[in-house]
Amino acid sequence: GAVVSQHPSRVICKSGTSVKIECRSLDFQATTMFWYRQFPKQSLMLMATSNEGSKATYEQGVEKDKFLINHASLTLSTLTVTSAHPEDSSFYICSARAGGHETQYFGPGTRLLVL
Amino acid sequence: QQQVKQSPQSLIVQKGGISIINCAYENTAFDYFPWYQQFPGKGPALLIAIRPDVSEKKEGRFTISFNKSAKQFSLHIMDSQPGDSATYFCAASTLNNAGNMLTFGGGTRLMVKP
Chain A
1 GAVVSQHPSR
11 VICKSGTSVK
21 IECRSLDFQA
31 TTMFWYRQFP
41 KQSLMLMATS
51 NEGSKATYEQ
61 GVEKDKFLIN
71 HASLTLSTLT
81 VTSAHPEDSS
91 FYICSARAGG
101 HETQYFGPGT
111 RLLVL
Chain B
116 QQQVKQSPQS
126 LIVQKGGISI
136 INCAYENTAF
146 DYFPWYQQFP
156 GKGPALLIAI
166 RPDVSEKKEG
176 RFTISFNKSA
186 KQFSLHIMDS
196 QPGDSATYFC
206 AASTLNNAGN
216 MLTFGGGTRL
226 MVKP
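Taken in order, these protein sequences are the chains called A and B.
Under my numbering, think of the first position of the first sequence as 1, with each following residue one higher.
Under my numbering, think of the first position of the second sequence as 116, with each following residue one higher.
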């Protein structure tokens with residue numbers, strides 16, 4: 001299957017700082033990338049969908065000014081959590097899909113802990 | 116509104132047994148139904164997926180059964196092994212130009228006892 005990587009795998013930061021998470025499709029061109037958040041023992045909640053070269057589409061209740069998403073190339077999308085607070089602590093997972101294909105391939109996730 | 120309902124929330128099966136996880140959906144526009152397996156601290160990995168034009172799909176020990184009229188689909192894991200212990204998510208989406216957003220079920224934590 002296709003490979004999606006995320007970096008960093010885990011990050012600890014102080015409240016009020018910004019954190020950037022990278023998502024890369026390693027062996028295919030991802031026309032669409034998705035960002036999810038997952039709290040312990042819960043399902044994945046879609047935060048936003050981004051198409052290469054376009055602005056991201058955010059799900060209801062997700063603050064676009066707090067969770068900045070950039071999908072500047074067909075292999076890279078970034079999620080920046082701005083002015084992070086303890087309630088932003090979660091497991092952030094990206095997925096990627098090639099154009100014309102139905103399968104979403106998920107990254108390994110990034111554990112964010114805001115102190 | 117939860118569009119994909121998954122049951123049970125947790126499941127304990129003896130090694131060699133059959134694990135069965137069920138999902139029901141409401142949106143009749145859904146036309147792609149994948150199952151994902153997730154180990155603790157890892158991202159979900161695609162196990163198997165089905166389109167509504169078939170009633171069953173089998174890949175190795177994993178089988179999806181699909182009932183379009185009942186709007187239900189299920190995952191069967193034959194000869195369950197301790198290594199299958201993980202959380203399983205069903206999902207559904209509509210394959211269109213809108214991006215193929217997945218709607219996930221709540222997840223089932225499977226434990227296979229040796």
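C-beta: ideal position from N, C-alpha, C; glycine also.
Can you have a look at residue i and say buried or exposed, based on whether 16 or more other CB atoms are within 10 angstroms of its CB?
{"i": "B/P159", "result": "buried"}
{"i": "B/T143", "result": "exposed"}
{"i": "A/Q104", "result": "buried"}
{"i": "A/S50", "result": "buried"}
Beta strand (DSSP E) containing residue i: first to last residue?
{"i": "B/A160", "result": "A160 to I165"}
{"i": "A/Q29", "result": "That residue, A/Q29, is in no beta strand (DSSP E); it is neither H nor E in DSSP."}
{"i": "A/V62", "result": "Where A/V62 is concerned, there is no enclosing beta strand (DSSP E), given that its DSSP letter is neither H nor E."}
{"i": "B/Y203", "result": "A201 to A207"}
{"i": "B/S195", "result": "That residue, B/S195, is in no beta strand (DSSP E); it is neither H nor E in DSSP."}
Would a check of beta-carbon distances place residue i closer than 8 angstroms to chain A?
{"i": "B/K172", "result": "no"}
{"i": "B/G175", "result": "no"}
{"i": "B/L210", "result": "yes"}
What number of angstroms, rounded off, separates the C-alpha of residue i from the C-alpha of residue j?
{"i": "B/P155", "j": "A/S43", "result": "13 angstroms"}
{"i": "B/R224", "j": "A/T110", "result": "21 angstroms"}
{"i": "B/F188", "j": "A/K14", "result": "44 angstroms"}
{"i": "B/G198", "j": "A/V62", "result": "36 angstroms"}
{"i": "B/N182", "j": "A/V11", "result": "43 angstroms"}
{"i": "B/F145", "j": "B/S170", "result": "15 angstroms"}
{"i": "B/F148", "j": "B/L126", "result": "21 angstroms"}
{"i": "A/S54", "j": "A/H71", "result": "7 angstroms"}
{"i": "A/E87", "j": "A/T31", "result": "31 angstroms"}
{"i": "B/N215", "j": "A/R37", "result": "18 angstroms"}
For residue i, which residues in chain A fall below 7 angstroms Cβ to Cβ?
{"i": "B/Y147", "result": "E102"}
Name the chain B residues that come within less than 8 angstroms of residue i, Cβ to Cβ?
{"i": "A/I93", "result": "G158 and P159"}
{"i": "A/G109", "result": "G156, K157 and G158"}
List the residues of chain A that residue i touches, going by C-beta distances under 8 angstroms, in chain order.
{"i": "B/N215", "result": "T32, R97, E102 and Q104"}
If the cut is a Cβ gap below 9 angstroms, which residues of chain B does residue i touch?
{"i": "A/L46", "result": "M216, L217, T218 and F219"}
Should residue i be counted as a contact of the ligand GTP given a C-beta to heavy atom distance under 7 angstroms?
{"i": "B/T223", "result": "As for the ligand GTP, it is missing from this structure, which has no ligand bound."}
Under 9 angstroms Cβ-Cβ, which residues of chain A neighbour residue i?
{"i": "B/F234", "result": "A question about residue 234 of chain B goes unanswered here, because the residues of chain B that appear run from 116 up to 229."}
Mind pulling the chain B residues with CB within less than 7 angstroms of residue i?
{"i": "A/T17", "result": "Going along chain B, no residue has its Cβ under 7 angstroms from A/T17, so there is no contact; the nearest lies around 23 angstroms."}
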